[in-house]
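First up is the structure itself, then whatever we jot down about it.
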C-alpha cells in the first residue's frame with residue numbers, strides 16, 4: 050500500500066520546446082543529464098524540472114540558461130504530468146506562453 054502511495058505521488062515534468070532558432074538545436078538539461086536534439090520548426094519534449102540548461106545550435110553558438118523552472122503558473126498540468134511550452138528564438142531567447150522572455154545568462158561561439 051505504501052508503494053502505491055509513492056507511485057501515485059510521482060509527477061513527470063518537461064519543457065515542450067518549439068525550435069524557431071533557424072537551425073537544429075541540442076538541449077542539455079543539467080537536471081536530467083539528457084540531451085534532446087530538435088530540428089528547426091519542430092516541437093519536442095525535453096525532460097526537465099528545474100536547473101541549468103545549455104543549448105548548442107548548428108551555428109556552434111552556445112546559450113547557457115540559469116535556473117529554468119518547469120513548475121510555474123503557465124505550465125499545463127494533467128494527472129501526474131506537468132508541461133511548460135517554450136519557444137526558442139533565433140537570438141536564444143526562450144519565450145513563454147505569456148510572451149515573457151528568458152534570455153541566456155551567457156552566450157558563446159564555439160571556436161573552430
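Numbering (my numbering), first residue to last: 50 to 161.
For every residue, glycine included, the Cβ atom is placed at its ideal position computed from N, Cα and C.
query                                                                                                                                                             : result
Measuring only the C-alpha atoms, how far is residue 70 from residue 89?                                                                                          : 7 Å
Taking all protein chains shown into account, decide if residue 50 is buried (16 or more other Cβ within 10 angstroms of its Cβ) or exposed.                      : At residue 50 the pLDDT is 39, less than 50, meaning the model places this residue with poor confidence and gives no usable figure here.
Can you name, in chain order, every residue of its own chain whose Cβ lies under 6 Å from the Cβ of residue 76, other than the five neighbours on each side?      : 85, 95, 104
Residue 146 by DSSP, collapsed to three states: which one?                                                                                                        : coil
What span of residues does the beta strand (DSSP E) with residue 96 cover, start to end?                                                                          : 92–96
Between the Cα of residue 81 and those of 122, 158, 117, spot the shortest distance and give me the residue it belongs to.                                        : 117
Given this structure, state the Cα-to-Cα distance separating residue 132 from residue 159, to the nearest angstrom.                                               : 31 Å
From 149, 141, 148, 128, pick the residue whose C-alpha is nearest to that of residue 61; which is it?                                                            : 128
Quickly, what does DSSP pair residue 65 with across the bridge? List them, please.                                                                                : 94, 134
Take the Cβ of residue 123 as the centre, count every other Cβ of all protein chains shown within 10 Å, and call the residue buried at 16 or more, exposed below. : exposed
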